[in-house]
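Colleague: Handing you this structure, nothing more for now.
Protein chains: 2
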Amino acid sequence: MKPLHDKPERPDPARRSLDRLFELAEVLGTMMQRGMAEKGLTTARARVLWALFHEGPVTQRALATQLGVTPRNVTGLLDALQEDGLVCRKAHPTDRRATLVSLTDKGRSATAALRVGRDELAALLFADVPPDRLDTFTATLGLVTERLRAVGADSPE
Amino acid sequence: MKPLHDKPERPDPARRSLDRLFELAEVLGTMMQRGMAEKGLTTARARVLWALFHEGPVTQRALATQLGVTPRNVTGLLDALQEDGLVCRKAHPTDRRATLVSLTDKGRSATAALRVGRDELAALLFADVPPDRLDTFTATLGLVTERLRAVGADSPE
DNA sequence: TATTGTTATACTCTATAACTATA
DNA sequence: TATAGTTATAGAGTATAACAATA
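Chains as they are written, first to last, in this note's numbering: chain A, 1 to 157; chain B, 1001 to 1157.
Spelled out as structure tokens, the structure:
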């Protein structure tokens, strides 16, 4: 497309940006996985804790919908978390088929610790970035996420 | 910390940015997973193809090191890719213990298609972003990735 | 003795399908 | 009849450990 003598290594800016984004996502994922493994957690289980932390007691069905996984999957994740004493199941007050899941004190502490760890990481990562540049960065992240969701919604499953 | 009457919902800018980054990483991961599933691939297998596309024929050992997984894991991934006719194993010319892995023509086409798909996505996502803002975004991604790697290197496994 | 790739085994996440108890 | 959660089964990714062939 472009003359070869003009910086042949320079790829398209959009491609470059998305490639960097993938790279960051991968490094970030690996790092978080390692950090959670030290706390005896996995990504999937942490997602459950996170959901319960923000949504309060919910049925397993609701949890499955929110996490985008099957009810069967939720059963397994909760079994593991319950064995570790992080969540507890209670009978639903009116619907005897359903189960209400909530965090135990231990589960709440563990989730709060995740939050703290994430904040510390954020402080480290963005220490050097000037406030206005950080704002632009955050806004662009939001814009791209929105756009990505729109693209995904186009191909309906 | 701050007076409550001052936008109580406004979190720390760094936290907000990292949270958005996690959100984007999750959406992006889900989307790519879905896209690759349509092509009969998984994330792990695509990573193998990607590595072979860029590194040329390598031993399984080198592949394991580069991907950050165990040699056993590589064996399984290659078995699957070979069954689909995407990679081939050849005897190493000088070391009779080792195996050289490379992409087949079909594998090369499939990987090139991934590249094209990614470029199309990039064009869609960043269509609205002005060039200078995109540059800043990309640079910040790079900076954060670097910083993240430095943090990870601190805790040496 | 060290290294390459494999077999053996196990754990986690994920899915579908069939089943039970309730609604 | 439909829904909530479970059992049963399966497949993918990952890991460790033991082993064979080769260096």
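Backbone N, C-alpha and C fix where the C-beta goes; we use that ideal spot for every residue, glycine too.
Among A:Pro-71, A:Cys-88, A:Arg-47, A:Lys-106, which has the Cα closest to the Cα of A:Pro-57?
Modeller: For the purposes of this step, residue 57 of chain A is taken as residue 57 along the first sequence, with counting starting at 1. A:Pro-57 has its Cα closest to that of A:Cys-88, out of A:Pro-71, A:Cys-88, A:Arg-47, A:Lys-106.
Colleague: Using a Cβ-Cβ cutoff of 8 Å, what residues of the segment 39-72 of chain A are near chain B? List them in chain order.
Modeller: Those residues of the segment 39-72 of chain A that come within reach of chain B (Cβ to Cβ, closer than 8 Å) are Gly-68.
Colleague: Answer with yes or no whether the minimum CB distance from A:Leu-28 to chain B is below 8 Å.
Modeller: The residue you call residue 28 of chain A lines up with position 28 of the first sequence. For A:Leu-28, the answer is yes, since a Cβ of chain B falls inside 8 Å of its Cβ.
Colleague: If we require 3 or more residues per run, which beta strand (DSSP E) segments fall completely within the segment 78-124 of chain A?
Modeller: Runs found: 87-91, 99-103.
Colleague: Since B:Thr-1059 sits in a beta bridge, which residues does DSSP pair it with?
Modeller: In the second sequence, residue 1059 of chain B corresponds to position 59, counting from 1. Per DSSP, B:Leu-1100.
Colleague: Indicate the three-state DSSP secondary structure (helix, strand or coil) for A:Asp-158 in the structure shown.
Modeller: Given that chain A is displayed from residue 1 to residue 157, the structure contains no residue 158 of chain A and the question cannot be resolved.
Colleague: Just to confirm the assignment, what range does the alpha helix (DSSP H) spanning B:Gly-1040 have?
Modeller: Numbered from 1 along the second sequence, position 40 holds the residue referred to as residue 1040 of chain B. Element bounds for B:Gly-1040: n/a, residue is neither H nor E.
Colleague: Quick one: which chain A residues come within Cβ less than 7 Å of B:Met-1031?
Modeller: By 1-based counting over the second sequence, the position of residue 1031 of chain B is 31. The answer, in chain order, is Leu-148, Gly-152.
Colleague: In this structure, how does DSSP classify B:Asp-1019 when only helix, strand and coil are distinguished?
Modeller: Locating residue 1019 of chain B in the second sequence gives position 19, counting from the first residue. Helix at B:Asp-1019.
Colleague: With a threshold of 7 Å on Cβ separation, who are the neighbours of B:Glu-1157 within its own chain once the five nearest residues in sequence on each side are excluded?
Modeller: For this step, residue 1157 of chain B is matched to residue 157 along the second sequence. Only weak support exists for where B:Glu-1157 lies, its pLDDT of 43 falling under 50; the coordinates are left without a value.
Colleague: Report the three-state DSSP secondary structure of A:Asp-12 (helix, strand or coil).
Modeller: The residue given as residue 12 of chain A occupies position 12 in the first sequence. Coil, per DSSP.
Colleague: Report the CB separation of A:Val-48 from A:Leu-63 in whole angstroms; it is logged as a contact under 8 Å.
Modeller: Position 48 of the first sequence, counted from the start, is the residue given in the question as residue 48 of chain A. Position 63 of the first sequence, counted from the start, is the residue given in the question as residue 63 of chain A. With 8 Å as the limit, A:Val-48 and A:Leu-63 qualify as a contact, their Cβ atoms being about 7 Å apart.
Colleague: Taking only three categories from DSSP, how would you classify B:Val-1144?
Modeller: The residue labelled residue 1144 of chain B in the question sits at position 144 within the second sequence. In the structure shown, B:Val-1144 sits in a helix (DSSP, three-state: H, G or I).
Colleague: Does DSSP put B:Gly-1068 in a helix, a strand or coil?
Modeller: In the second sequence, counting from the first residue as 1, residue 1068 of chain B sits at position 68. If DSSP states are grouped into helix, strand and coil, B:Gly-1068 belongs with coil.
Colleague: With C-beta atoms as the reference, is A:Ala-14 less than 8 Å away from B:Ala-1098?
Modeller: On the first sequence, residue 14 of chain A is found 14 positions in, with the first residue counted as 1. On the second sequence, residue 1098 of chain B is found 98 positions in, with the first residue counted as 1. No, the pair does not count as a contact, with Cβ atoms beyond the cut-off.
Colleague: Determine, using beta carbons only, whether B:Pro-1131 comes closer than 8 Å to chain A.
Modeller: On the second sequence, residue 1131 of chain B is found 131 positions in, with the first residue counted as 1. It does; some Cβ of chain A falls within 8 Å.
Colleague: Name the residues in the segment 1095-1121 of chain B whose C-beta lies less than 7 Å from a C-beta of chain A; which are they?
Modeller: The segment 1095-1121 of chain B vs chain A, Cβ under 7 Å: Arg-1118, Asp-1119, Leu-1121.
Colleague: Please check if any C-beta of chain A sits within less than 8 Å of the C-beta of B:Val-1144.
Modeller: For the purposes of this step, residue 1144 of chain B is taken as the residue at position 144 of the second sequence. At least one chain A Cβ lies under 8 Å of B:Val-1144.
Colleague: Who are the Cβ neighbours of B:Gln-1066 in its own chain at under 6 Å, not counting the five residues just before and after it?
Modeller: What you label residue 1066 of chain B is simply residue 66 of the second sequence in a count that begins at 1. For B:Gln-1066, where only same-chain residues beyond five positions count, the Cβ hits under 6 Å are Ala-1051.
Colleague: For A:Glu-26 and A:Lys-90, I'd like the C-alpha separation in whole angstroms.
Modeller: On the first sequence, position 26 is the one that residue 26 of chain A refers to. On the first sequence, position 90 is the one that residue 90 of chain A refers to. The alpha-carbon atoms of A:Glu-26 and A:Lys-90 are separated by roughly 37 Å.
Colleague: CB-CB under 7 Å to A:Gly-35, same chain, minus the five flanking residues each way: which ones, in chain order?
Modeller: Reading the first sequence from its first residue, position 35 is the one you call residue 35 of chain A. Taken in chain order, the residues that qualify are Gly-117.
Colleague: Run down chain A in chain order and give the residues with a C-beta less than 7 Å from the C-beta of B:Ala-1037.
Modeller: In the second sequence, the residue the question calls residue 1037 of chain B occupies position 37. Residues of chain A passing the Cβ test: none, with the nearest at roughly 11 Å.
Colleague: Taking A:Leu-124 as the reference, give the member of B:Leu-1134, B:Arg-1108, B:Val-1151, B:Thr-1043 with the closest Cα.
Modeller: Counted from its first residue, the first sequence places residue 124 of chain A at position 124. Of B:Leu-1134, B:Arg-1108, B:Val-1151, B:Thr-1043, the residue nearest in Cα terms is B:Val-1151.
Colleague: From this set, A:Arg-20, A:Asn-73, A:Gln-60, A:Glu-38, which residue's C-alpha is nearest A:Ala-110's C-alpha?
Modeller: Locating residue 110 of chain A in the first sequence gives position 110, where the first residue counts as 1. Ranking the options by Cα distance to A:Ala-110, first place goes to A:Glu-38.
Colleague: Measure the beta-carbon distance from B:Thr-1140 to A:Phe-137 and round it to whole angstroms, keeping in mind my assumption that it falls under 8 Å.
Modeller: Start at 1 with the first residue of the second sequence, and residue 1140 of chain B comes out as number 140. Start at 1 with the first residue of the first sequence, and residue 137 of chain A comes out as number 137. At roughly 5 Å, the Cβ-Cβ gap stays under 8 Å, so B:Thr-1140 and A:Phe-137 are in contact.
Colleague: Which chain B residues sit within Cβ distance under 9 Å of A:Leu-141?
Modeller: The residue you call residue 141 of chain A lines up with position 141 of the first sequence. Per Cβ cutoff of 9 Å: Ser-1017, Arg-1020, Leu-1021, Glu-1023, Leu-1024, Phe-1137.
Colleague: Note down, in chain order, each residue of its chain lying with its Cβ closer than 7 Å to the Cβ of A:Arg-134, except the 5 sequence neighbours on either side.
Modeller: As a working note, residue 134 of chain A is residue 134 in the first sequence. Note that residue 134 of chain A is Leu in the sequence shown, not Arg. Excluding positions up to five away in sequence, the list reads Phe-126.
Colleague: Apply the 10 Å Cβ neighbour rule to B:Thr-1030 and answer buried if 16 or more other Cβ atoms are within range, or exposed otherwise.
Modeller: For the purposes of this step, residue 1030 of chain B is identified with residue 30 of the second sequence, where counting begins at 1. Exposed, because fewer than 16 other Cβ atoms sit within 10 Å of the Cβ of B:Thr-1030.
Colleague: Please report the straight-line C-alpha distance between A:Arg-115 and A:His-92, rounded to a whole angstrom.
Modeller: On the first sequence, position 115 is the one that residue 115 of chain A refers to. On the first sequence, position 92 is the one that residue 92 of chain A refers to. A:Arg-115 and A:His-92: Cα-Cα distance of roughly 29 Å.
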